[in-house]
Structures are given as structure tokens and as C-alpha cells.
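In the order they appear, the protein sequences are chains S and H. Using our numbering, you'd call the opening residue of the first sequence number 2 and step up by one each time. Using our numbering, you'd call the opening residue of the second sequence number 2 and step up by one each time. Every residue, glycine too, gets a C-beta built ideally from N, C-alpha and C.
There are 2 protein chains.
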Amino acid sequence: MVTIKDVAREAKMSVATVSRVLNGSGPVSEETRRLIREVAGRMRYVPHSGARSLITSKTQTLGVLLPDLYGEFFSEVIRGMDDTAQRNGFHLLISRAYADRHGIETAIRAMRGRADGVVVMSPDLDAESLLNLPSTIPVVLLCSVSRGNEIDSLTIQNCRGAREMVAHLISVGHRRIAIIKGSPRNYDAAERLRGYRMSLREAGIMLDPLLEREGDFTEAAGYSAVLKLIALKNRPTAIFAANDSMAIGVLSALRESGIAVPEEMAVAGFDDIPLARYMDPPLSSVHVPIWELGARAVDLLLHGITHKNDHPRRRERVSTKLVIRRSTGGVPAERPPPQTLKRKLVSV
Amino acid sequence: MVTIKDVAREAKMSVATVSRVLNGSGPVSEETRRLIREVAGRMRYVPHSGARSLITSKTQTLGVLLPDLYGEFFSEVIRGMDDTAQRNGFHLLISRAYADRHGIETAIRAMRGRADGVVVMSPDLDAESLLNLPSTIPVVLLCSVSRGNEIDSLTIQNCRGAREMVAHLISVGHRRIAIIKGSPRNYDAAERLRGYRMSLREAGIMLDPLLEREGDFTEAAGYSAVLKLIALKNRPTAIFAANDSMAIGVLSALRESGIAVPEEMAVAGFDDIPLARYMDPPLSSVHVPIWELGARAVDLLLHGITHKNDHPRRRERVSTKLVIRRSTGGVPAERPPPQTLKRKLVSV
DNA sequence: CCCAAATATGTAATCGTTTACATAGAGGGC
DNA sequence: GCCCTCTATGTAAACGATTACATATTTGGG
Chain S
2 MVTIKDVARE AKMSVATVSR VLNGSGPVSE ETRRLIREVA GRMRYVPHSG ARSLITSKTQ
62 TLGVLLPDLY GEFFSEVIRG MDDTAQRNGF HLLISRAYAD RHGIETAIRA MRGRADGVVV
122 MSPDLDAESL LNLPSTIPVV LLCSVSRGNE IDSLTIQNCR GAREMVAHLI SVGHRRIAII
182 KGSPRNYDAA ERLRGYRMSL REAGIMLDPL LEREGDFTEA AGYSAVLKLI ALKNRPTAIF
242 AANDSMAIGV LSALRESGIA VPEEMAVAGF DDIPLARYMD PPLSSVHVPI WELGARAVDL
302 LLHGITHKND HPRRRERVST KLVIRRSTGG VPAERPPPQT LKRKLVSV
Chain H
2 MVTIKDVARE AKMSVATVSR VLNGSGPVSE ETRRLIREVA GRMRYVPHSG ARSLITSKTQ
62 TLGVLLPDLY GEFFSEVIRG MDDTAQRNGF HLLISRAYAD RHGIETAIRA MRGRADGVVV
122 MSPDLDAESL LNLPSTIPVV LLCSVSRGNE IDSLTIQNCR GAREMVAHLI SVGHRRIAII
182 KGSPRNYDAA ERLRGYRMSL REAGIMLDPL LEREGDFTEA AGYSAVLKLI ALKNRPTAIF
242 AANDSMAIGV LSALRESGIA VPEEMAVAGF DDIPLARYMD PPLSSVHVPI WELGARAVDL
302 LLHGITHKND HPRRRERVST KLVIRRSTGG VPAERPPPQT LKRKLVSV
């Protein structure tokens, strides 16, 4: 591999001058500048970023710690991060990790000397244990918050989104509305449940524990929860699944049970994943701007980095939006306008 | 930040000994070992990977260059890579890049000193221009091949998969089978087209240029191609879309045109993305093991790295599998068994 | 009891950069 | 002609680790 020394020798200049030319720092005569450029180009010299970052103590890299995410969510959040990172001259070091305290600590330690900051997404962690991360580099918490104000965080407007969706169900006449919850240890799930309850209370509807079913964000959970719900003597007329995957399971179970959606049972989800519009009937959901989630997390992180982690901590939220389709009734048959679907779902 | 020197000073030992303890290299007395461990732990010392990789010239990091991929494909291929990389103690440095020669070169240059090897996925590039990548570090080409034997590559068994799908259509009685192609500059698309033609020829069916429509892997392309196809005086009875996204567009267009699938028109796709089974009717497709694609690409790269890039180059393919659902007819109503759908599509 | 081998530790070079400081020559004001 | 200020360049010290080599101590065989 050709190093800066080789270039210097070949150009009969000192490494300092070569470095200055390559970084555009310090005064260099136009003549030498041209010479060195020419030599470096001819020798195909490429600076060694590792060496550079050792001396500058800047890696121009952001660490990203993710739990085991699937599908659209994963790719879209990374897309948002990468777009923002690249625009600021940063790279992304991605690592999936167990979402427990030890896994995260290990992963963050491994980032030392590799990244200038880390985005940690760990919805399954209770806030407490994240409090004193073993880190002197900036950290942004994604989809979870720390108890104190110690760490920047970015979350989804879960509570408000859920509240609006349930309010919508109430507005089209439902009174018995079931929810399929996510894991109680999951921050997003907990907040969505809170929004559901809040909305019912606001409408003066009594909470019924029988209508709150356990779930874990999988299609299977949605499926089996439905079987329990329709066995109730006093059936709900609407089901709010805490995410779209479970809602898909719900639709599947209802179809098999011969229960018409939305006529006999309204169904709503959360996330508005791309599949939602293709379901039969198209699924009403709470839209989450995933790209924005990633982009803003990186913005937050970059802010922490430029301020050397010595800045007032922020807590931000990305806002959600209600997307009403046929599964909740009250809306004429909507069909997706294909001309606008410009995305390659799988490009290959 | 506490360095190895700080630890050495605190433990009243030399940095060499500290290093030896931390790396388990060289002989160290049990007593010193314990002491140093204790001190390092107490001081919360974390080795600086940047410095380490400078001297060892190993970054334990793999670069990944991806085009602008969406959805399941992106996340699944990264999942496969990360699983394999982590199992071998490597990290993943991910970068999306323009898939043209310049973009790739720049990106690979930026990897110098950051990664020990690079996986380059660039289906849109013609092989030629990839030939002499400016790289001394190992490179694996994903979903494209170089002309010579210069670079390791891993591709999808596109041709065979397409051939089998078309053969299936023929076997259930179709003779007029249309294809919606991908971009001609796309390697996968070209190979799928080749498989389609091969299959028809094998069955003694004349190729009809009118039945080969342009497409670009988007839903919109599938949609508009259908409009042309059904306007033909001699309509096809089956449509093979070169990927699932276009097949979804096809289904959408047929539904609007009141053409029954599969009775009046059979439809098949390629990739078998998760949506496929949820379509109405469920979409027959050619399954591509995306996780495996990522995993094996990394295996290939690691092989190149351990052999210091001085190894016979390989060309490998991941094999596809026919997945017949209702959209091609000839199969009883299949419903997805929800109990086995264990995945969180969107976990949040 | 001596010497070789094994064990434990230290010293210092090295990886490929950046950059503070030093140096040297040129130009200009007085 | 002197001194100061620029400009252009070079020297060498970092950055934080690993490791070859040197050194000192212990062990054990004869």
C-alpha cells in the first residue's frame, strides 16, 4: 500500500507539505500543489482513514445499535440515518445487539475508537438500566427514554397516535373496542396502550380488562388474540392492534372465522407499513415516518458530537398521522393509485 | 479517555505487560494478571480499536456498498451479513452509493483503513466497468459478475428460477405467456429474461416480441404493462413479472380491469417477498433466500481476507425455489398458517 | 555450582497520519 | 541595511495501541 511517505519521497517533498496539499490546509505554492497532486494521483494514493482518525480523534463514523428488526422498518430507519450521515460526511457502523444491558454495554465499548457517537435503539429496555451507559461519546436513544435527562432521545408519538385512532373508532360509533397489546417491557407498546386508555376515558367509556389482550407484535399474536376475543359473550365491535403485523394476524383470523371487516368488526393497526394498503380490506393505521425517525436521530447525534457532548439534552418525538382506510369502515373503497408507487420494494 | 498508558502507570507496570494481559498473549504471572485486570476494570479502560487496527492492520470491519434498496430485501441481506460477520468477530460498515463507476470507486477509496474487505452490490452496473476496481483489499460482487475471473462474486440463480416458473406455467396449460422485464442494464433482470426465453424454446413455443414488455421493477411498471397487454388482440393467458413488486402492480391492474386471477389470467412474480402470500390471490413466485445471499457474500469475503486476497476466485450462486400459490391456478386455496409466522414485521 | 532454558517484565520501534514549531528566504517600510 | 512580516517548507512529536528484542530473574539438569 502506498503511504503519504511514498508520495513525499517521490515528489521530493516532506510529508507535511503533502499533507497540507491533500487537506488544503496551510500555505503551499501553486507549483508544489500541482506537483504533489500529480504524483499522488499517479501513485493512486489513498489516505488511510484509520491513521487519520487516530491523530485527529475523529472517525467520521456513527455507530448504530439495533435490535432484531425486520422488514421495512429496519431498512427505512437506516435509510434515514445514512442519508443524513452522508450529507454530513459520516459513515454508518451498524450492529445488531441483544437489547439487554450487557449486550448494549459490550457493543458500545466495541465502538470506542471506531465511532464518534452512537444511536441506540432498544425499545425493550426499561429506561432505568440505560441510565448510566459506559460512554463518554454522545449517545442518542431511539424509541426509548432514560429516566433522567442524561441522554438525548427520540421517540414516536405513540400515545397521541393511539389516542387518535381510538377516538376515530369511537367517532364512527364503536363503544366496545379491544386492544391487542405489545410486550409490557416495550416502551412503544406501553405508550400505545396508554393512548388507548386515555381515549376511552375521554369518551367516558369504562375500561374492560377482558378487552385488553396480551401480544408481542407478531402476526401469530394477533391471530390468537382474536380467537379469544370472538369467544367472549360480549364481543367487541372493533379491534385496535398495537402494530400492523398483529393487525394482519387479526384480519387473517377474522377471515377464517367468517367475520366481515369492517361490517361486523372494525380493525386498526399502528405503523402503516407498506403492506397495510394492500390488505383486504386495506388496513387503517397510524402512520409512522420511519425515514424521519432515522434522520432526526442522526441529526441529534451530530449535534451532540459538534458540541462535544456538552450540550443541554433533548427529548424529541416524531409525530404520527392517522391513515383511515376501509378496515375501520366509514370510508369509500380506496384503491392505491399505482402511478405514484414509485418505489422498488425489492429491487434485486 | 483512559489509555493503556494510564492503566500501566496506575498498575506500576509497563504498557507491554498490560497489553499482554489484555490480549492474553505472552507469559504473565498470575499475580500481575489479576492486578492489571483489576486496575483496568476499575479505571473502565476500553481499548481504542482505531489505534489497535493501525498497528495490526486489521480493522475487523467489513464494508458493504449497496444501491438504493428498499424493504425486506435490504434488511434481510444485511441481517445475513451481520449474523455471519458477528460470528467471526467482524463489524459492518454500511454505505449506500450511486451504482456507477465513480460512486463505487469513491466509496471503496473511503474504505481504506476502515475495512478489511468490501461487498459491492451493484446490479445495475455492466460487468465491464467493474473489472479493475481500485482496490487491493478483497472485494465480493453481489448480484453481478465481472467479465474475467478477477473478482469473487455471488449471484442469484435467476435464469434457472425463471425457467422453472415459466415451465410451471406451461405445464398447467399456458402457451401465450407474457413477461414484464426489468431494466436491460440490470444483471438479475437480464438473466430472468434469459430463463423465460429458454423455457419457452424448450417447450417449442415461438417467442413473441409483443409479449415482452419493458419494466423497471416498480409496481407502476407492472400496472401499466398490463394495460398494454390486455389491449392486444391476441391476449396472453399468463403474465410473468420479473419481480414481485411489478407482479403486485399487475394484480392491481387486473383487478381494476375486472379480469379474474387465475381463471382468466395467471400471474407469477420473482423474489417471494413477504407480501406475496398476503396478496389476493396469493402470489406464486420464485423464492430467493435473501438472508443466505448476505451470509454467503460475507463468507466469501472472509475467505478472501484470511487468504490475503491471494486465492483462486470463486463464482457462486444461491439457488431459488418455486413457490406456487393461487395466482397461477392449479393449487387449492392456501392460507398462511399463522402459528408459524413468528417474525415481527415491524417491531418498533 | 554453573550454565542453559524458561519465565516475567521492560524498552522502544512501529503503524500512517496531522500539526505545532522551527527555519529559511523574500519582500517591504523605514 | 535592519527588522518585521509573509510565505513556503521541513522536523519531529504526537495519537494509542502491538510486538520484536533486550534484560532480569528463576528454575533445573549435570
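| query | result |
| --- | --- |
| Sequence-distant residues of its chain with Cβ nearer than 7 Å to GLY162/S (five each side left out) | GLY196, PHE271, VAL287, THR321 |
| Closest by C-alpha distance to ASP217/H, when choosing among MET122/H, GLY42/H, VAL268/H, LEU194/H | LEU194/H |
| Residue ranges of each alpha helix (DSSP H) within the segment 7-81 of chain H, 4 or longer | 16-24, 31-43, 50-57 |
| Whole-angstrom C-beta distance between SER258/H and GLU220/H, which should lie under 8 Å | That belief does not hold up - the Cβ atoms of GLU220/H and SER258/H are roughly 16 Å apart, past 8 Å. |
| Completely contained alpha helix (DSSP H) runs for the segment 178-203 of chain H, where each covers 4 or more residues | 188-203 |
| Member of LEU302/H, VAL319/H, ALA204/H whose CA lies at the smallest distance from the CA of PRO313/H | LEU302/H |
| Near-chain H residues of the segment 277-297 of chain S (beta-carbon distance less than 9 Å), N- to C-terminal order | TYR279, MET280, ASP281, VAL289, ILE291 |
| Under 7 Å by beta carbon: chain S residues contacting ILE5/H | By Cβ distance, chain S contributes nothing, its closest Cβ being about 12 Å from ILE5/H, past 7 Å. |
| Length of the line joining the Cα atoms of GLY90/S and ASP300/H | 29 Å |
| With 16 other Cβ atoms within 10 Å as the buried cut-off, status of SER96/H | buried |
| Beta-carbon spacing of GLU215/S, ALA204/S below 9 Å | no |
| Opposing strand residues paired with VAL140/S [DSSP bridges] | VAL119/S |
| C-alpha gap between VAL146/S and GLU165/H, whole angstroms | 51 Å |
| Closest residue to VAL289/S among TYR188/S, VAL121/S, PRO275/S (Cα-Cα distance) | PRO275/S |
| Three-pair Cβ contact test at 8 Å for the segment 235-253 of chain S versus the segment 175-189 of chain S | yes |
| Environment of THR137/H [buried if 16+ CB atoms lie within 10 Å] | exposed |
| VAL19/S at chain H interface by Cβ criterion, 9 Å | no |
| Candidates MET14/S, THR18/S, TYR279/S, THR4/S: closest to PRO48/S by CA position | THR4/S |
| Residues from the segment 36-68 of chain S in contact with chain H, defined by Cβ distance under 8 Å | ARG45, VAL47, PRO48, HIS49, SER50, GLY51, ALA52, ARG53, SER54, LEU55, THR60, THR62, PRO68 |
| Whole-Å CB distance - ILE94/H paired with VAL120/H, under 8 Å assumed | Just to set this straight, residue 94/H is Leu in the shown sequence, not Ile. About 10 Å separates the two Cβ atoms, so there is no contact after all. |
| Cβ of ILE240/H within 9 Å of any chain S Cβ | no |
| Whole-Å CB distance - SER54/S paired with GLY51/H, under 8 Å assumed | 6 Å |
| Beta carbon of LEU157/H nearer than 9 Å to that of VAL319/H | It is Ile, not Leu, that sits at residue 157/H in the sequence shown. Yes. |
| Straight-line Cα distance separating ALA41/H from TYR99/S | 25 Å |
| Spatially closest choice to ASP153/H from GLY118/H, ILE181/H, CYS160/H, by CA coordinates | GLY118/H |
| Cα-Cα separation, ASN235/H to LEU252/H | 20 Å |
| Outcome for ARG297/S when other beta-carbon atoms lying within 10 angstroms are tallied against a minimum of 16 | buried |
| Within-9 Å CB hit, TYR197/H to chain S | no |
| Test: ARG110/S CB closer than 9 Å to a CB of chain H | yes |
| Minimum Cβ-Cβ distance from CYS160/S to chain H less than 9 Å | no |
| Residue-level contact to chain H via CB, LEU155/S, 9 Å cutoff | no |
| Residue burial classification, ALA111/S (beta-carbon count within 10 angstroms, cutoff 16) | buried |
| Residues bridged to HIS92/S [DSSP beta-bridge criterion] | THR62/S |
| Which residues DSSP lists as bridging LEU155/S, in chain order | LEU143/S, GLU317/S |
| DSSP-derived helix/strand/coil call for LYS309/H | coil |
| Beta-carbon spacing of ILE231/H, LEU284/H below 9 Å | no |
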